[in-house]
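Enquirer: To start, I am sharing the structure in question, which I have written as structure tokens.
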Amino acid sequence: MLSAKRVFSVIWDYGLVTVGTLLYCMGWTSFLIPNGIASGGGTGLCTIIYFATGIPVSYSFFVLNALLLIMGFLVLGKGFGFKTIYVILLSTVLFKILPDFDCLVAHFDERLVVAVVGGIVESAGIGLVLLRGGSSGGTDIAAMIINKYWPVSPGKVYLYSDMFIIASVLLIPGKTVEDMVYGYATMITFSFMIDAILLGRKSSVQILVFSSKYQDVADFIIGNMDRGVTALYAQGWYSKNDNKVLLIVAYKTQLHQIVAAIKHIDSKAFVSVSTATSVYGEGFEEIKTGLPVKKK
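Next up, the structure:
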């Protein structure tokens, strides 16, 4: 039998996935589709089909993702597949019923505002779904597969794969370059936001600490922050005194606590902080090369 903790965890996961799916669908049905904007992804392709033929997005979305779902099972595992089935079914229902609620349709004088806000709402929903191990299908599956084996951000995958989908709106009679530009505005907004959501909590910083009490600082970081510390030999060029500089790599979420601890230990310490865009190794991300690991 499943423990109560495990049951709660599953319910929590699917609850967040439900909220994320609702936000994702509302990004389309409340902002993009009513204002004639087609962004990228599988849903963007379905939207273009809707603009061209009148076939409801819910129908083409279900058919397209039913095919792509097989790839999710084979590559990303059963856990991915079950949650994605749920998201696809829920999205199909939401794409069917949400357009019936006129009160949910957003009206702005500027279509650019619609494109940007729609991209933000869409990315917030997809980000929440992806964080819980699910996907809405389409290019989401490609992004997760590539990110599993190669250190390519999901946002870049969306950016490159969706350019062709958005450009295809020009094949629809009555659509202009302006419509394509609004689609690209949504795509760019979505790409930046999805990176911020998925990678923001994993953003790292490199900290250099210049302090005469470096031993106390190093002991605190190792003992209380669960982060490694490297002592670099240094010499003050003005004083000619030998000293040690501490090199610390940590998550950005830990920066405030680390700096506060350094200030408490040595109020005269000099601290330099720089962003570390990619950190691999124990305690951080696993190195992804796409090459098979040799067994010992």
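FYI, the numbering for the sequence shown is 28 to 323, going by our numbering. C-beta atoms are modelled at their ideal positions from N, C-alpha and C, and glycine is treated no differently.
1) Where does the unbroken beta strand (DSSP E) through TRP199 begin, and where does it stop?
2) Look at the alpha carbon of LYS240 and the alpha carbon of LYS295, and state the distance between them as a whole number of angstroms.
3) Where does THR203 sit, in a helix, a strand or coil, going by DSSP?
4) In chain order, what residues of the same chain lie with their CB nearer than 6 Å to the CB of ALA288, ignoring the 5 residues before and after it?
5) Between GLY164 and GLY69, is the Cβ-Cβ spacing less than 8 Å?
6) Please name the residue in SER30, ALA31, VAL34, LEU59 whose C-alpha comes closest to that of ALA212.
7) What residue range is occupied by the uninterrupted alpha helix (DSSP H) comprising LEU155?
8) Considering only residues of the same chain and omitting the five flanking positions on each side of ALA151, which have a CB-CB separation below 6 Å?
9) So, helix, strand or coil for ASN251, using DSSP?
10) For PHE122 versus SER85, is the C-beta spacing smaller than 8 Å?
11) What residues match up with ALA261 in a beta bridge as DSSP calls it?
12) Going along the chain, which residues of its own chain have a beta-carbon closer than 6 Å to the beta-carbon of SER87, five neighbours each way excluded?
Expert: Inspection of the coordinates gives the following:
1) The sequence shown places Ile at residue 199, not Trp. Under the DSSP assignment, ILE199 falls outside any beta strand (DSSP E); it carries neither an H nor an E label.
2) For the pair LYS240 and LYS295, the Cα-to-Cα distance works out to about 10 Å.
3) In the structure shown, the three-state DSSP call for THR203 is coil.
4) Cβ-Cβ distances below 6 Å link ALA288 to PHE247 in the same chain, with the five nearest sequence neighbours on each side left out; the list follows chain order.
5) For GLY164 and GLY69, yes; Cβs fall inside 8 Å.
6) Of the listed residues, the one whose Cα sits closest to ALA212 is LEU59.
7) 138-158 is the extent of the alpha helix (DSSP H) around LEU155.
8) LEU50.
9) Correct three-state label for ASN251: helix.
10) A contact, by the Cβ cut-off of 8 Å.
11) Assignment of beta-bridge partners to ALA261 by DSSP yields ASN270.
12) Residues of the same chain with a CB within less than 6 Å of the CB of SER87, apart from the 5 flanking positions on each side, are CYS73, ILE76 in chain order.
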